[in-house]
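One structure is given here, and the rest of the page talks about it.
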Amino acid sequence: MAERTHPKPGAGPVIGRRPRLRRQGGAGAALALALLCALFYAPLLLGVRTFPAGDFTDHFLPFSLFQRNSLAGLHAPLWNPYTYAGHPFWADIQAAVLYPVSNALLLLTLPFDGAAARLYFLQVEAVIQVAAAGFFVFLLVRELTRDFWGALAAAICFMLSGYLTGYAPLQLAVLRTAIWLPLLLWLLLRAWQRPRQWRDWIGAALVLATSFMGGHAQTFLYVAYATTGWMATLWLGSWLDARGANAVQTNRHLGRARLLGAAAFVALAGGLVAAQLLPSLEFARLSVRAAVDYAYVSGGFARQDTWNLMLPGVLTHFSPLYIGVVGIGLAALGTVSGRVCSGRDGPLEAGNLAEPARCGRAFFGLTALLGLLAAYGDNAFLFPLLYRLAPGWDMFRGQERAAYVAALGLSVLAGYGLAALPVLTRLFRRRYALVYGAAITAGVYAFGLLWQLPGRSAVSNAHYLWIAFATLVLAMTLALAIWLDGWSTRRAWLLCGLAALNLFVANFATNLDAGGPEAKAALRPAAVALQAAVAESAGAANGLSGRAYNEFRVTEDYGMRSGVEDVWGSSPLRLARYAALFDQFPLDRMWRLTGVGHVLTWRRELFAPSTLLGEFPQREDTTYLHRLPQANPRAWLAPHVQVADDEQAWASLADHSFDLDATALLPPETGAQDAEAGAAIFAGGGDVRLTRLQPERLLVDIKDSGGGLLVVSENWMPGWRVQRASCPGADGCVFEGLSPAGVAWLTPLRADLAFVGVAVPAGDVRFELVYAPNSIRIGSAISAASVIVLLLAVAVRLWRRRSRAVAHPGCG
1077 MAERTHPKPG AGPVIGRRPR LRRQGGAGAA LALALLCALF YAPLLLGVRT
1127 FPAGDFTDHF LPFSLFQRNS LAGLHAPLWN PYTYAGHPFW ADIQAAVLYP
1177 VSNALLLLTL PFDGAAARLY FLQVEAVIQV AAAGFFVFLL VRELTRDFWG
1227 ALAAAICFML SGYLTGYAPL QLAVLRTAIW LPLLLWLLLR AWQRPRQWRD
1277 WIGAALVLAT SFMGGHAQTF LYVAYATTGW MATLWLGSWL DARGANAVQT
1327 NRHLGRARLL GAAAFVALAG GLVAAQLLPS LEFARLSVRA AVDYAYVSGG
1377 FARQDTWNLM LPGVLTHFSP LYIGVVGIGL AALGTVSGRV CSGRDGPLEA
1427 GNLAEPARCG RAFFGLTALL GLLAAYGDNA FLFPLLYRLA PGWDMFRGQE
1477 RAAYVAALGL SVLAGYGLAA LPVLTRLFRR RYALVYGAAI TAGVYAFGLL
1527 WQLPGRSAVS NAHYLWIAFA TLVLAMTLAL AIWLDGWSTR RAWLLCGLAA
1577 LNLFVANFAT NLDAGGPEAK AALRPAAVAL QAAVAESAGA ANGLSGRAYN
1627 EFRVTEDYGM RSGVEDVWGS SPLRLARYAA LFDQFPLDRM WRLTGVGHVL
1677 TWRRELFAPS TLLGEFPQRE DTTYLHRLPQ ANPRAWLAPH VQVADDEQAW
1727 ASLADHSFDL DATALLPPET GAQDAEAGAA IFAGGGDVRL TRLQPERLLV
1777 DIKDSGGGLL VVSENWMPGW RVQRASCPGA DGCVFEGLSP AGVAWLTPLR
1827 ADLAFVGVAV PAGDVRFELV YAPNSIRIGS AISAASVIVL LLAVAVRLWR
1877 RRSRAVAHPG CG
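Listed below in C-alpha cells is the structure:
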C-alpha cells in the first residue's frame, strides 16, 4: 500500500492513513480464524489427545450421554435418577437441555451412542464454539473501528486468550454461555444505528436467549450486566450526539424507535428463555445456593495473579487474564490513543460512525477494569460492593471467572490499538514504543528478582528464563513495529501473526492430555464391577435395585454412564434438604433413607455387616466394593404420620431410636395435624413394589395394604404427580374428604425431610408416580408462544415486502 501523509496543525507529521474499510473481509476472516483454531486444537480433532480428566469428562460427558439417550428414547430429559437419589435434570441449568448448538450436534451424531464418540463430539463442539467466539469479536470490532486488521487482531487475542483456551472449555457451560456476548453487542450496536430495522433487535434477542440456554448462570450474569452497560453507553452516546444536532425532531423519532426496539428485545428474549428460566428458578430456590454466606462466594484471584497479564503460567496452571504480551501492548495503545467519544486525532473519523460507537473505547476500557477488579473477589474493594448492592453477585462462588469480561475488554482494546497505529504521529508512536518496551523489561526483571523463588513460583528457573526470553523478544518486536515509520498491509499481517504465535505457544499445551477418547472415556474397573453387582441384584429391593454409595472412589456422575443409581453427584446445584443428609448425619441412617445396597469405599471393613465383592488397588490406596446383606428399601408404607419442621425432622431421622418404618414425617405446610388419629386408622404393611418405566416415571404396585403414608426414596420436587391410579372406591381413588391425618389420598407430598410421600388407602393400590412440573409446562408454553409470535411477525414482514414488490415492480 502506498504511503500517504495528512499533516494537521500542531499534530506533527502523520505517518499514514488507510482508506475506510469496505464491508468485506468477513468470509476471509471467518476462514482464517477457523483454520487457526483447528490448528490450535489439531490433536483433539485428530483424536490423538483429549481434554484433561475433570468436569469435561466426568460431568459434561455423562450429561451429554443422558440427554442423547433421552432423545433416542423420544422423551424429554426431565428427571435424572442416577445422581442425588433423583435430580431435576431439565431444571439444572448446567445440563443445558435447550442449548441449540449442542442439540444440533447431538442430533447430527445421534447414531453414535458410545462414550468415546460422545466425548470426541463434545470436544468438537468446544472447538467450534471457540472459533465462533473469535469471529463474533471480529464482527464487533470491525463495526466499531471500521478496520479489518484491528478486528482480526482482537479476534485472535480473545479466541486464543488464556481464558477461552484454559478454564472455559473444561467448564463447557462457561464456554457455551460466554461466546455470545460479542455477537450480542454487535447486533445491539447495529440495531441502535438502524432502530427501525427489526432484524437486528430480533437477532439480539435470539442471541441473548441462546447465551442463557448455555447453562452457566454466573457467566450469564456477566453477560446481562455487560449488555445493560452497553445499552446505557448507547443511550449516552445518542444523547451526546443529539446535543449538537440540528434535526431535533429526527432524533426524537429515533429515540422512540430505539425505546420500542429495546423493549421488544427484552420481551422476546424473556419469552424465549421461559422454558428454562421458570424451572431453574424453582430449583434454585430449593437448592444449596438459595442461602450462601459471604465467605463462600468471596474467593477470587490473589493479587499476585496480576503477573499473569504479562507472564503466562508462572504462578498458576491457567492464565485467564493473558491475551499475550503483544495483545497487552496493543490494548494499552488502544487505551491511550485517540480521544474518547471524539473523531479527532483517533482512528475513527467524524461522521464515520454514530457517536455511540465512538464511545466503545471507553466502555471496553471500563469493562476490562471492572472485570479485573471483580475477579479479585475479597482481595479488592469492588466485589464487597457488588455483593451488597448488585443483584445476583451474592449467589456464585469463584469470582475469578469475572476474568472473562476483562479478557474480552482487553481484546477489543487491542483491536482499537492496531486500528489506531496508521494514524498516530511519529512522536507518539516512538514515545509509546519506548515506554512499552521499558515497562515489559522492568516487569520481567522484577518478577525474576522478587517472585522467581522456591515455593513462590509454579515454574523452574530454566522454564522461567524461557518465558522471560520469549516475552522480551515478542515485546521488542512489537515495539519495533510501532517505532518504524510508514505502514503497510504486510506490517498488519506481521502483528496479527505475532499475536497468534504468542498465544499459540503460550496456551497450546494447557488443556492437552495424553491418550485418545477411547482411553479417557473408559469406566474405571471399580465402576464396572459395581455396575455388574447392581445388575445381578436387580429386583431385590421393592422391584428396583438398591442404590450405590460412592465414597469418592470413582467420578461422581458415573451413574449416568453405567445405569447405576447413586446417592451423590457432582452438580453444584443440589436440593438443600437432601444435602443436609450428608452433613454430620449418621451414615447408616442415610443409607437407609436413600435405599443403598452397595458401597464403594476406602474401608475394607464396614461398621455394618456386608459382603466384600472386590478390591481395586490404586496409586495411593485401595478401593473396596461391598454389598449390604439386604438392600435398604426404596419405598415403605408407614402407618404413623407426624408433623415436624425441617430441623426437627433432621434430628428425628438421625436418631437411631426413631423407627423409620413406623412413622413418616410431614412438614407443617402439608396441613397434617392429628398424627394420633392417623395412627389409629392406618394399619401399614403390605407388599410395595417399584418399577421405573422411564427416568421420570415410577410404577407403584401395593398388595394387601393396610393403608398409610407411602414414602418413596426419591428426591421431592414440586411437580410429582399421581397418574393412572387404580384402587378401591367408587370414585377410583378420588375421595371427597381428608384422612384423619389431614392429608388427601394419592397426593404427592414432601416426607421424611427430602423424599416423596403419597397417602394411600387400604387394599391393592396401583398408580404411576410421574415428575411433570408446572414450571416446565408453563415455561414451555410461553417460549412456544414467543416463537409463534416471532414467526408470524416475520411472515407478515415478508408478505408486505412481496406485496410492495408486486405493486411497484420497478422499485429496487
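Heads up: the sequence shown runs through residues 1077 to 1888, numbered per our numbering. The beta carbon of each residue, even a glycine, is placed where N, CA and C say it ideally should be.
- Annotation for A1407: no beta strand (DSSP E) segment contains it, though the alpha helix (DSSP H) segment containing it runs V1401 to V1412.
- Per DSSP, the continuous beta strand (DSSP E) segment holding A1835 begins and ends at F1831 to V1836.
- Ranked by how close their Cα comes to the Cα of Q1380, the residues A1595, A1522, A1254 and L1330 have A1522 in first place.
- The alpha-carbon separation between S1146 and T1698 amounts to approximately 35 Å.
- Per DSSP, the beta bridge partners of H1702 are V1675 and L1688.
- Out of G1346, R1629, P1119 and V1581, the CA that lies nearest to the CA of T1677 is found in R1629.
- In the DSSP annotation of this structure, the continuous segment of the alpha helix (DSSP H) that includes W1225 starts and ends at F1224 to M1235.
- It is roughly 10 Å from the alpha-carbon of Q1694 to the alpha-carbon of P1601.
- Around the beta carbon of G1562, a 10 Å sphere encloses fewer than 16 other beta carbons of the protein chains shown; the residue is thus reported as exposed.
- Under the DSSP assignment, T1286 falls in the alpha helix (DSSP H) whose first and last residues are W1274 to M1289.
- Short of 8 Å from the beta carbon of L1357, and not among the five residues preceding or following it, lie these beta carbons of its own chain, in chain order: S1851.
- Non-local C-beta neighbours of A1838 in its own chain, meaning closer than 6 Å and more than five positions away in sequence, comprise S1781, G1782 and G1783, ordered along the chain.
- In the DSSP assignment, D1642 forms a beta bridge with A1624.
- Here Q1770 has H1151 as same chain residues with Cβ atoms under 7 Å from its own Cβ, once five neighbours each way along the sequence are excluded.
- Going by C-alpha positions, G1130 is about 11 Å away from D1633.
- Counted as a single uninterrupted DSSP element, the stretch harbouring T1221 is not any beta strand (DSSP E) but the alpha helix (DSSP H) occupying residues A1191 to T1221.
- Approximately 4 Å separates the beta-carbon atoms of W1256 and S1287; this is inside 8 Å, confirming the contact.
- By the C-beta density criterion, F1683 is exposed, having fewer than 16 other C-beta atoms within 10 angstroms.
- The residue from L1198, A1285 and F1472 with its alpha-carbon nearest to that of A1343 is A1285.
- Judged by DSSP in its simplified three-state form, G1238 adopts helix.
- Within the same chain, Cβ atoms closer than 7 Å to the Cβ of L1599 are found at Y1634, R1637 and S1638, the five residues on either side in sequence being excluded.
- Residue range N1850 to A1883 is occupied by the alpha helix (DSSP H) that includes S1856.
- Under the DSSP assignment, W1383 falls outside any beta strand (DSSP E); it carries neither an H nor an E label.
- The beta-bridge partner set that DSSP reports for I1778 consists of V1764 and V1841.
- With a threshold of 16 other beta carbon atoms within 10 Å, G1591 falls short and is exposed.
- For N1791, the uninterrupted beta strand (DSSP E) run begins and ends at G1784 to N1791, by DSSP.
- DSSP places H1539 inside the alpha helix (DSSP H), whose first and last residues are N1537 to W1559.
- In this structure the segment 1515 to 1529 does not touch the segment 1437 to 1456; the number of beta carbon pairs closer than 8 Å is below three.
- About 4 Å separates the CB atoms of F1212 and L1259; that is less than 8 Å, so the two are in contact.
- At the C-beta level, G1855 and V1787 stay beyond 9 Å of one another.
- Judged by DSSP secondary structure, Q1724 falls within the alpha helix (DSSP H) whose first and last residues are D1722 to A1730.
- Around the Cβ of H1329, a 10 Å sphere holds fewer than 16 other Cβ atoms; the residue is exposed.
- Per the DSSP secondary-structure output, D1589 pairs in a beta bridge with T1126.
- In this structure, DSSP gives N1156 an extended state, which the three-state scheme calls strand.
- Beta-carbon to beta-carbon, V1401 and A1551 are separated by about 5 Å, close enough to satisfy the 8 Å threshold.
- Under the three-state reduction of DSSP, L1742 is assigned to strand.
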